[in-house]
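Each remark here refers to the structure printed beneath this line.
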Amino acid sequence: HPGTDPQQLPQVTPTPGYLPMVHHHGHVVGAHSPGKTTLAGGVRDRFGLPMIAEVARGGRSEMEAQLDSVRTNVDLVNHYQTEVYLRQISSEMQQEGSFVSDRAFCNLAYAAQHATILGQIARDERLKTYMDSLNGGIVFYLRPHRELLSEDGVRAAVSWEEVLRIDGMVKFMLEFFEVPYIPVESLSMQERTRLIDRVLELGGVPRVQPELDYMSRPMGIGFEALNRARHAQTPDSSGQPATEERPRLHV
Numbered sequence: 001h002p003g004t005d006p007q008q009l010p011q012v013t014p015t016p017g018y019l020p021m022v023h024h025h026g027h028v029v030g031a032h033s034p035g036k037t038t039l040a041g042g043v044r045d046r047f048g049l050p051m052i053a054e055v056a057r058g059g060r061s062e063m064e065a066q067l068d069s070v071r072t073n074v075d076l077v078n079h080y081q082t083e084v085y086l087r088q089i090s091s092e093m094q095q096e097g098s099f100v101s102d103r104a105f106c107n108l109a110y111a112a113q114h115a116t117i118l119g120q121i122a123r124d125e126r127l128k129t130y131m132d133s134l135n136g137g138i139v140f141y142l143r144p145h146r147e148l149l150s151e152d153g154v155r156a157a158v159s160w161e162e163v164l165r166i167d168g169m170v171k172f173m174l175e176f177f178e179v180p181y182i183p184v185e186s187l188s189m190q191e192r193t194r195l196i197d198r199v200l201e202l203g204g205v206p207r208v209q210p211e212l213d214y215m216s217r218p219m220g221i222g223f224e225a226l227n228r229a230r231h232a233q234t235p236d237s238s239g240q241p242a243t244e245e246r247p248r249l250h251v
């Protein structure tokens with residue numbers, strides 16, 4: 001505090017060898033079929049974080065109804081979207097440490113599109129508390145690509161136009177609730193993985209799965225394959241490429 005004598009401040013002596021426990025939580029958000037579950041699963045494997053699987057799948061299967069028929073019953077849709085909303089919050093609260101989730105508030109975009117309960121959710125005190133909690137983690141916002149759009153066995157087939165509407169609502173909520181996020185625009189899985197891994201590493205998330213040493217194989221393996229290829233391309237006395245002699249079987 002300005003004007004306070006530093007000598008009067010309480011002195012804290014750190015315990016030797018003690019480091020404070022840091023909990024990391026990451027969320028992968030976006031519309032359907034941009035690859036959220038795939039990327040979250042990769043983070044789980046490479047960084048050893050528990051993964052909160054998409055709760056929409058469990059909720060829908062328990063309702064024992066096809067999503068196409070669910071959407072024709074607004075009351076059922078309201079019940080379903082409420083369950084998904086509350087289960088997501090509950091699933092994260094049950095995690096005592098670090099975790100990664102393949103979604104966050106994303107179902108609210110579907111509630112705005114197909115249900116009539118969004119006003120009730122907006123007035124729910126848990127929503128503001130939950131959105132504030134996202135500020136303490138890392139949020140990756142996956143942008144949609146038409147090439148990735150597919151029916152996943154849970155949601156009904158949808159049009160590209162609806163995907164864009166859902167994507168826009170997800171971005172609106174990120175901005176409206178002032179949630180810091182990292183956009184992931186690239187379609188390339190290589191570039192996505194590089195981006196996410198680097199962000200997590202800079203954020204202090206330790207990697208537990210070391211990179212594989214693909215060059216650790218015996219040297220002769222690669223050279224034998226190259227020699228066979230060269231031998232096959234070298235013309236013999238007849239002018240035709242030489243063929244590798246196959247071992248004869250003795251019976």
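Per the working numbering, the very first residue in the sequence shown carries number 1; after that it's consecutive.
Even glycine gets a Cβ: it sits at the ideal position worked out from N, Cα and C.
None of these values were measured; they are calculated from a predicted model.
Could you check what DSSP says for residue 138 in three-state terms: helix, strand or coil?
It is a strand residue.
With a Cβ-Cβ cutoff of 8 Å, do residue 114 and residue 77 count as a contact?
Yes.
Please list the terminal residues of the continuous alpha helix (DSSP H) segment that includes residue 90.
Per DSSP, the unbroken alpha helix (DSSP H) holding residue 90 starts and ends at 74-93.
Assigned exposure category for residue 107 - 16 Cβ within 10 Å defines buried:
Around the CB of residue 107, 16 or more other CB atoms lie within 10 Å, so the residue is classed as buried.
For the alpha helix (DSSP H) that residue 133 lies in, which residues bound it at each end?
125-133 is the span of the alpha helix (DSSP H), which, as asked, contains residue 133.
Residues in the same chain with beta-carbon distance under 6 Å from residue 27, minus the five sequence neighbours each way, listed in chain order, please.
Take residue 27, set aside five residues on each side of it, and the residues of its chain with a beta-carbon closer than 6 Å to its own are 101, 104, 139, in chain order.
Would you mind stating whether residue 45 and residue 209 have Cβ atoms separated by less than 8 Å?
The Cβ atoms of residue 45 and residue 209 sit closer than 8 Å to each other.
Taking C-alpha atoms, which residue in 110, 72, 80, 216 lies nearest to residue 164?
Cα-wise, what sits closest to residue 164 is 110.
In terms of residue numbering, what span does the beta strand (DSSP E) encompassing residue 29 cover?
For residue 29, the enclosing beta strand (DSSP E) has its first and last residue at 25-29.
Does residue 117 come out as helix, strand or coil in the three-state DSSP assignment?
Correct three-state label for residue 117: coil.
Which residues in the same chain have their Cβ closer than 6 Å to the Cβ of residue 118, if we skip the five residues on either side of it in sequence?
Once the five neighbours on either side are set aside, the close Cβ partners of residue 118 are 111, 112.
C-alpha gap between residue 21 and residue 167, whole angstroms
Legend: pLDDT at residue 21 = 39, less than 50; position of this residue unreliable, no value from coordinates given.
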